[in-house]
Amino acid sequence: AQKITQTQPGMFVQEKEAVTLDCTYDTSDPSYGLFWYKQPSSGEMIFLIYQGSYDQQNATEGRYSLNFQKARKSANLVISASQLGDSAMYFCAISRDDKIIFGKGTRLHILP
Amino acid sequence: DSGVTQTPKHLITATGQRVTLRCSPRSGDLSVYWYQQSLDQGLQFLIQYYNGEERAKGNILERFSAQQFPDLHSELNLSSLELGDSALYFCASSVGGPGNTIYFGEGSWLTVV
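Read top to bottom, the protein sequences are chains A and B. For the first sequence, the tail end lands on 92 under the numbering used here, and the numbers increase by one without skipping. For the second sequence, the tail end lands on 117 under the numbering used here, and the numbers increase by one without skipping.
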């Protein structure tokens, strides 16, 4: 069975600082995908970034990058130069075959 | 805008009633997923359809059912509603299976009173 763990229920970060949100996963499958989503207070789920298990390089999308350490089974999200609008809930997810399983999320607060 | 459309956005209903949530996937997407998000349970996978066929089932109650129609839109039926069914219900879609990025609709807020 697959499992996703986000150990930080909440984080407070000063604006313009970089943020790392932790995510570890447990799977015995060689092929899988890892995702990060952002959920602002308005409720919608916004796709941020994807990393395939066979991708050689860490994924990047603008200010978002994924620090993928396959041997450690971790897929941390890094947000550079944080902004007030980054305050939200962030979910890590893993996919394989016919399911995508989400972690419990990390609530990020950006302080002015 | 993700391109996934969910209706209704908000719904208040009484215990014991039945409701239907509707989802139109992004153009070209064949897979539809349903998730339930409540405060104490996080984001729970309910069910996935691919091109009209059920592909995977998660923690979906027997009181709940879903289907995907030939035009690829999907409906989630919730019956004999209980207070604990109050949650945000998301539909998501992807081109293929879960190896592809899934895009979420804005969700349907269900309140059972």
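Glycine is no exception: its CB is placed at the ideal position from the N, C-alpha and C atoms. Bear in mind the structure is a predicted one, so any value in this text is a computation, not a measurement.
Rounded C-alpha distance that separates residue i from residue j
i	j	result
S98/B	T4/A	24 Å
R80/B	R30/B	What sits at residue 80/B in the sequence shown is Leu, not Arg. Going from the Cα of L80/B to the Cα of R30/B covers about 17 Å.
T3/B	D35/A	Since the first residue shown for chain B is 5 and the last is 117, residue 3/B is missing from the structure and cannot be characterised.
Y54/B	C27/B	14 Å
M(-9)/A	L88/A	5 Å
I26/A	Q21/B	31 Å
P10/A	P92/A	42 Å
D89/B	I74/A	25 Å
Q63/A	S21/A	15 Å
R67/B	V23/B	11 Å
F73/B	G32/B	14 Å
F49/B	L28/A	19 Å
K53/A	H14/B	38 Å
L43/B	V(-7)/A	24 Å
Y12/A	A51/A	14 Å
Coil, strand or helix - residue i by DSSP
i	result
G13/A	strand
D75/B	coil
G46/B	strand
D89/B	helix
D2/A	coil
G(-10)/A	strand
G65/A	helix
L34/B	coil
Y107/B	strand
A39/A	coil
R26/B	strand
I51/B	strand
Neighbourhood of residue i by C-beta distance below 8 Å, restricted to the same chain and skipping five residues each side
i	result
A18/B	L85, V116, V117
G83/A	I(-16), T(-15), Q(-14), C3, F71, C72, A73
Boundaries of the beta strand (DSSP E) in which residue i is found, first to last residue
i	result
V116/B	112 to 116
Q146/B	Here chain B comprises residues numbered 5 to 117, so residue 146/B is not present and cannot be evaluated.
S45/A	44 to 49
V8/B	No beta strand (DSSP E) contains V8/B, which DSSP labels as neither H nor E.
I81/A	79 to 82
L88/A	86 to 91
A55/A	54 to 59
G32/A	26 to 32
T(-15)/A	-17 to -15
Own chain residues within Cβ distance below 6 Å of residue i, not counting five before or after
i	result
G7/B	R30
L87/B	V116
L25/B	L80, Y93, S112
L1/A	L57, Y70, T86
Cβ-based neighbour list, residue i, same chain, cut-off 7 Å, excluding 5 preceding and 5 following
i	result
K(-17)/A	Y5, D6
L34/B	Y54, N55, L76, V99, G100
E58/B	I51
A55/A	C3, Y5, L14, Q31, L46, F48, C72
G111/B	Q10, L92, Y93, F94
L12/B	In the sequence on display, residue 12/B carries Pro and not Leu. So the list reads S112, once near-sequence residues are dropped.
S60/A	A(-2), R43
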